[in-house]
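Asks: Be aware that the sequence shown starts at 0, since it is given in numbering that gives the first Met the number 0, and climbs by one per residue.
The C-beta atom is built at its ideal place from N, Cα and C for all residues, glycine as well.
Since the model is a prediction, treat every value here as computed from it, not as a measurement.
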Amino acid sequence: MGDYARTMKQIGIASVFGCSAPGSKRCGSFDVVRSRFLGSVWNQGHAEASIISQDGGYSYNVPGGSLWWFGDTPEESWDLHRIWPLGGIYVNGKSYIYYSLIELTGKGTWNFRSVGSGLACSAQPLSLHKRIQTPEGWRFPVKPSAIVTTDDWIYLFDVEKRGGQQGVWLSRVRPGEIENPNDYQFYCGPGPTFSRDKNKQILLLEKIYGQVSIIWNEHLKKYVLASSSDFSRPREIRFHTANEPFGPWSKAVASITVPEYRQGKKVELVYCSYFHPELFRENGRIMNLTFSLHLEDAGFDANNEMVEVEVKSCRK
0 MGDYARTMKQ IGIASVFGCS APGSKRCGSF DVVRSRFLGS VWNQGHAEAS IISQDGGYSY
60 NVPGGSLWWF GDTPEESWDL HRIWPLGGIY VNGKSYIYYS LIELTGKGTW NFRSVGSGLA
120 CSAQPLSLHK RIQTPEGWRF PVKPSAIVTT DDWIYLFDVE KRGGQQGVWL SRVRPGEIEN
180 PNDYQFYCGP GPTFSRDKNK QILLLEKIYG QVSIIWNEHL KKYVLASSSD FSRPREIRFH
240 TANEPFGPWS KAVASITVPE YRQGKKVELV YCSYFHPELF RENGRIMNLT FSLHLEDAGF
300 DANNEMVEVE VKSCRK
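1) Just checking my contact of Pro-180 with Pro-140 at CB under 8 angstroms: how many whole Å lie between their CB atoms?
2) Cα separation between Cys-187 and Gly-105?
3) Rounded to whole angstroms, what's the CA-CA distance from Gly-190 to Trp-248? Just pull it up for me.
4) Under the three-state reduction of DSSP, which class applies to Gly-283: helix, strand or coil?
5) Starting from Ile-214, follow its DSSP beta bridges and name the residues at the other end.
6) Counting only runs that start and end within the stretch 182-210, where is the beta strand (DSSP E) found for 3 or more residues in a row?
7) Work out the CA separation of Ile-101 and Ile-82 for me, nearest whole Å.
8) Taking only the alpha-carbon atoms, compute the straight-line gap between Arg-324 and Tyr-57 and give it to the nearest angstrom.
9) Within 10 angstroms of the Cβ of Pro-134, are there 16 or more other Cβ atoms? Answer buried if so, exposed if not.
10) Quick one: what's got a C-beta closer than 7 angstroms to Gly-298's C-beta in the same chain, skipping five residues either side?
11) Do Phe-238 and Val-31 have their C-beta atoms closer together than 9 angstroms?
12) By Cβ distance, which residues of its chain are closer than 7 angstroms to Tyr-59, with the 5 residues on each side in sequence left out?
13) Between the alpha carbons of Trp-41 and Asn-198, how many angstroms are there, rounded?
14) Provide the residue span of the beta strand (DSSP E) that contains Glu-47, from first to last.
15) Could you give the distance in angstroms between the alpha-carbon of Leu-224 and the alpha-carbon of Asn-303?
16) With DSSP as the reference, identify every bridge partner of His-80, one or two as the case may be.
17) Excluding five sequence neighbours on each side, which residues of the same chain lie with their C-beta closer than 6 angstroms to the C-beta of Pro-333?
18) Specify the secondary structure class of Leu-278 as computed by DSSP and reduced to three states.
19) For the beta strand (DSSP E) that contains Trp-68, what are its first and last residues?
20) Considering only their Cβ atoms, is the gap separating Tyr-208 from Trp-215 smaller than 9 angstroms?
21) How long is the line joining the alpha carbons of Val-167 and Ala-241, rounded to whole angstroms?
22) Starting from Val-31, trace the beta strand (DSSP E) both ways and give me its first and last residue.
23) For Glu-259, which residues in the same chain have their Cβ closer than 8 angstroms to its Cβ, ignoring the five residues on either side in sequence?
24) Hey, could you find the ends of the beta strand (DSSP E) Ser-170 is sitting in?
25) Look up Gly-246 in the DSSP assignment and say whether it is helix, strand or coil.
26) Apart from the five residues just before and just after Trp-316, which ones in its own chain have a Cβ nearer than 6 angstroms to its Cβ?
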């Protein structure tokens, strides 16, 4: 899985575009003062690797910098499967990447489905990550798009629809037990209430689609969640806040809207909105996110872009 991961200490921004208006009229935990859309993160390094388009763009801290991943990773039969990297973390002296095994069901853009999720690891972040096999097989009970660490726990946030409920589902595991699927615990609320019985898991935050990204913002003294758009507001990135990873999480307190046209084409959907705290400035008063695009007449043949978001706390 290491083929598409890059260690990036600086990002070459292709072009700079305009600023958007503030993202919210009523201030909740914070307001967006300004957002600057900085253009594609594609650069000469991608060209030399023969990469012409990409999505994803998740990053996490590793010794010496941060590890970024992009796009599909071929491993099984390319005609039938893809491996999508999910959330990642460096812990216990290893780099871990959760992944989803995707089965192609047809030729269309949306003809695919997940057949399970697993965990891969490597002692060297830039080396190939080996998929973990347990006596029960390769599947793990989580498929997180966001990961938050505290002193004692790793919190994992999935986004999916279960039993008619769409949104964020929270799990946790001790760092020393990350490779054991049977040691994961599932949020059953309220507060820090978890169970090893996944059937007892309840929804953490409703009506969230696509992916989420979660960071601790020192400037705001809050956890901030960025949620990707849905088809009703296809260009919007929304922000939620909480004091603890297990909530309670607010409704959207602020948002930004990606311009209607990017890379010369009309934007049909924004997804994979990911924070990059290694690029934050002023303790998080200025935050950096990347996002992926689905474009009219181009589909997923596009490149990640970056936006810089300046925020103002509403605390008195």
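Replies: If we stick to the structure as given:
1) The residue labelled residue 180 in the question sits at position 181 within the sequence shown. The residue labelled residue 140 in the question sits at position 141 within the sequence shown. Indeed they touch by this definition, with Cβ atoms about 6 angstroms apart.
2) Here residue 187 refers to the residue found at position 188 of the sequence shown. Here residue 105 refers to the residue found at position 106 of the sequence shown. Straight-line Cα distance between these residues: approximately 37 angstroms.
3) Taking the first residue of the sequence shown as position 1, residue 190 is located at position 191. Taking the first residue of the sequence shown as position 1, residue 248 is located at position 249. About 11 angstroms.
4) As a position in the sequence shown, residue 283 is number 284, starting the count at 1. Helix at Gly-283.
5) Working through the sequence shown from its first residue, we reach residue 214 at position 215. According to DSSP, Ile-214 bridges with Val-223.
6) 184-186
7) As a first step, residue 82 must be located in the sequence shown, where it is residue number 83. As a first step, residue 101 must be located in the sequence shown, where it is residue number 102. The straight-line gap from Cα to Cα measures roughly 6 angstroms.
8) The requested residue 324 is not part of the displayed model; the chain covers only 0 to 315.
9) The residue given as residue 134 occupies position 135 in the sequence shown. Burial call: exposed.
10) Walking along the sequence shown from the start, residue 298 turns up at place 299. So the qualifying residues of the chain are Thr-108.
11) Position 239 of the sequence shown, counted from the first residue, corresponds to residue 238. Position 32 of the sequence shown, counted from the first residue, corresponds to residue 31. Their beta carbons are under 9 angstroms apart, which means Phe-238 touches Val-31 by this criterion.
12) Taking the sequence shown and counting its residues from 1, one reaches residue 59 at position 60. Correct list, in chain order: Ser-65, Leu-66, Gly-87, Ile-88 and Tyr-89.
13) For the purposes of this step, residue 41 is identified with residue 42 of the sequence shown, where counting begins at 1. For the purposes of this step, residue 198 is identified with residue 199 of the sequence shown, where counting begins at 1. Taking the straight line from one Cα to the other gives about 42 angstroms.
14) Your numbering for residue 47 matches position 48 in the sequence shown. Here Glu-47 belongs to no beta strand (DSSP E); instead the alpha helix (DSSP H) covers 43-47.
15) Here residue 224 corresponds to residue number 225 of the sequence shown, with the count starting at 1. Here residue 303 corresponds to residue number 304 of the sequence shown, with the count starting at 1. In a straight line, the C-alpha of Leu-224 is about 19 angstroms away from that of Asn-303.
16) Your numbering for residue 80 matches position 81 in the sequence shown. DSSP lists Glu-102 as partners of His-80.
17) This structure gives no information on residue 333, because the portion of the chain shown stretches from 0 to 315.
18) Here residue 278 refers to the residue found at position 279 when the sequence shown is read from its first residue. Helix, per DSSP.
19) In the sequence shown, the residue the question calls residue 68 occupies position 69. Counting along the chain, the beta strand (DSSP E) containing Trp-68 begins and ends at 64-69.
20) By one-based count along the sequence shown, residue 215 stands at place 216. By one-based count along the sequence shown, residue 208 stands at place 209. No. Outside cutoff.
21) In the sequence shown, counting from the first residue as 1, residue 167 sits at position 168. In the sequence shown, counting from the first residue as 1, residue 241 sits at position 242. Going by the C-alpha atoms only, they are around 14 angstroms apart.
22) By 1-based counting over the sequence shown, the position of residue 31 is 32. Note, Val-31: beta strand (DSSP E), 29-39.
23) Locating residue 259 in the sequence shown gives position 260, where the first residue counts as 1. Same-chain partners within the cutoff: Arg-234, Lys-265 and Val-266.
24) Here residue 170 is taken as the residue at index 171 of the sequence shown, counted from 1. Segment 164-172, the beta strand (DSSP E) holding Ser-170.
25) Taking the first residue of the sequence shown as 1, we reach residue 246 at position 247. In this structure, Gly-246 counts as coil in the three-state DSSP scheme.
26) Look at the range of the chain in this structure, 0 to 315, and you will see that residue 316 is not part of it.
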